[in-house]
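A short worksheet on the structure shown next.
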Amino acid sequence: MLNSDQRTQFERDGYLVIPGFKSADALAALRQRAAEIVDAFDPSESRSIFTTQNQLTATDAYFLRSDNTIRCFFEEEAFDTDGKLKQDKSLSINKIGHALHDLDPVFEQFSRDPKLAAVARDLGLRDAKVWQSMYIFKQPGIGGEVRWHQDATFFETTPVSVTTFWFALEDATIDNGCLWVEPGGHRGPMRERFVRNGDDIKMEKLDSTPWPDDSVAVPLEAKAGSLVCFHGLLPHYSAPNRSPVSRHAYTLHATDGTTSYSPQNWIQRDASFPVRGFE
Ligand code: FE2
2 MLNSDQRTQF ERDGYLVIPG FKSADALAAL RQRAAEIVDA FDPSESRSIF
52 TTQNQLTATD AYFLRSDNTI RCFFEEEAFD TDGKLKQDKS LSINKIGHAL
102 HDLDPVFEQF SRDPKLAAVA RDLGLRDAKV WQSMYIFKQP GIGGEVRWHQ
152 DATFFETTPV SVTTFWFALE DATIDNGCLW VEPGGHRGPM RERFVRNGDD
202 IKMEKLDSTP WPDDSVAVPL EAKAGSLVCF HGLLPHYSAP NRSPVSRHAY
252 TLHATDGTTS YSPQNWIQRD ASFPVRGFE
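Encoded structure:
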């Protein structure tokens with residue numbers, strides 16, 4: 002699936018952009034299904050807000066119980082001071098997570114794709130295991146930022162193997178909050194580990210190497226249909242979306258089943274709901 006230049010680039014830079022990976026029809030089907038899930042979502046079920054900036058909301062049981070199901074999360078800036086939505090519900094959701102790929106037929110079809118299985122193999126995943134899916138809305142005007150982090154923080158294996166598959170469902174631009182990465186930064190250390198013990202979760206500092214200066218970050222602008230693959234240790238962030246257009250994306254996180262998956266990772270599976278690959 003990947004040529005030697007693409008494999009070399011991934012090894013050198015820690016990421017790879019593949020334009021035109023998904024058809025317009027496939028994108029439309031996923032967007033339609035996401036809209037239906039949001040439409041069916043009752044906001045009173047939760048006021049859970051996704052943030053990587055403090056531990057308070059991360060401890061929210063709503064988040065923890067979303068590990069192996071399908072739940073909607075609001076943007077941080079979705080509500081006014083009275084706690085009412087400032088805009089329509091459909092424009093207020095930050096993301097849907099975290100087991101769309103196993104529980105929803107439309108998402109499963111998009112995620113279990115022979116082409117994707119081939120890319121994963123070419124990137125070194127001998128026995129891919131897909132732990133997590135997220136539909137990310139990055140809503141116009143209020144789409145929240147996600148500061149520098151490494152995805153391996155959330156999916157620790159020995160040795161490191163987690164690989165991120167990020168699909169642009171709409172054009173991702175600097176204006177609407179595209180990804181920014183530190184090329185080559187995957188050769189640096191893992192800074193943090195997100196650890197779960199029952200319902201107790203915490204972020205542990207592993208290495209004092211600072212996050213990259215924003216000036217070294219490279220924007221990954223990507224046309225709708227592009228697939229961005231990146232190494233679990235690649236530092237990346239995305240800026241807030243202050244533009245009038247959304248930036249929908251879909252992500253999958255896969256590890257190599259031949260490595261050892263930490264029992265302290267926040268998502269665990271057992272025989273009743275086994276983790277599976279891209280096939
Ligand atoms: Fe990430």
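Residue numbers (this note's numbering): 2 to 280. Even glycine gets a Cβ: it sits at the ideal position worked out from N, Cα and C.
Who are residue i's beta bridge partners in DSSP?
{"i": "D201", "result": "N198"}
{"i": "C73", "result": "I97"}
When we look at the beta-carbon of residue i and count the other beta-carbons within 10 Å, is it buried (16 or more) or exposed?
{"i": "S24", "result": "exposed"}
{"i": "D157", "result": "Correcting the residue identity first, residue 157 is Glu in this sequence and not Asp. So E157 ends up on the buried side."}
{"i": "N95", "result": "buried"}
{"i": "K203", "result": "exposed"}
{"i": "Q54", "result": "The predicted position of Q54 is uncertain, since its pLDDT is 49 and thus under 50; a value taken from the coordinates is nonetheless stated next. Exposed."}
{"i": "K224", "result": "exposed"}
Can you tell me whether residue i is helix, strand or coil according to DSSP?
{"i": "T256", "result": "strand"}
{"i": "G125", "result": "coil"}
{"i": "R32", "result": "helix"}
{"i": "H150", "result": "strand"}
{"i": "F279", "result": "coil"}
Could you check the C-alpha separation between residue i and residue j for me, to the nearest Å?
{"i": "R8", "j": "G186", "result": "16 Å"}
{"i": "R188", "j": "D68", "result": "29 Å"}
{"i": "L253", "j": "V217", "result": "26 Å"}
{"i": "D114", "j": "D83", "result": "45 Å"}
{"i": "L65", "j": "A36", "result": "23 Å"}
{"i": "S263", "j": "N198", "result": "12 Å"}
{"i": "L340", "j": "A29", "result": "The structure shown does not extend to residue 340, since the chain is modelled only from 2 to 280, so the question has no answer here."}
{"i": "I268", "j": "G98", "result": "12 Å"}
{"i": "D26", "j": "I143", "result": "28 Å"}
{"i": "A119", "j": "L86", "result": "43 Å"}
{"i": "P20", "j": "S227", "result": "4 Å"}
{"i": "S261", "j": "D215", "result": "33 Å"}
Is there a Cβ of chain C sitting closer than 9 Å to that of residue i, yes or no?
{"i": "A27", "result": "Among the chains in the structure shown there is no chain C, since it carries only a single protein chain."}
My understanding is that residue i touches residue j, with C-beta atoms under 8 Å, so please give their C-beta distance in whole angstroms.
{"i": "S244", "j": "C179", "result": "That pair is no contact at about 11 Å."}
{"i": "I175", "j": "P241", "result": "Going by Cβ atoms, the distance from I175 to P241 rounds to 12 Å, so no, they are not a contact pair."}
{"i": "L104", "j": "I137", "result": "Not a contact, Cβ separation roughly 18 Å."}
{"i": "T164", "j": "L117", "result": "So it is not a contact: roughly 11 Å between Cβ atoms."}
(request) Report all residues for which the CB-ligand distance to some heavy atom of the ligand HEM is below 6 Å; order them along the chain. (result) As for the ligand HEM, it is missing from this structure, which binds only the ligand FE2.
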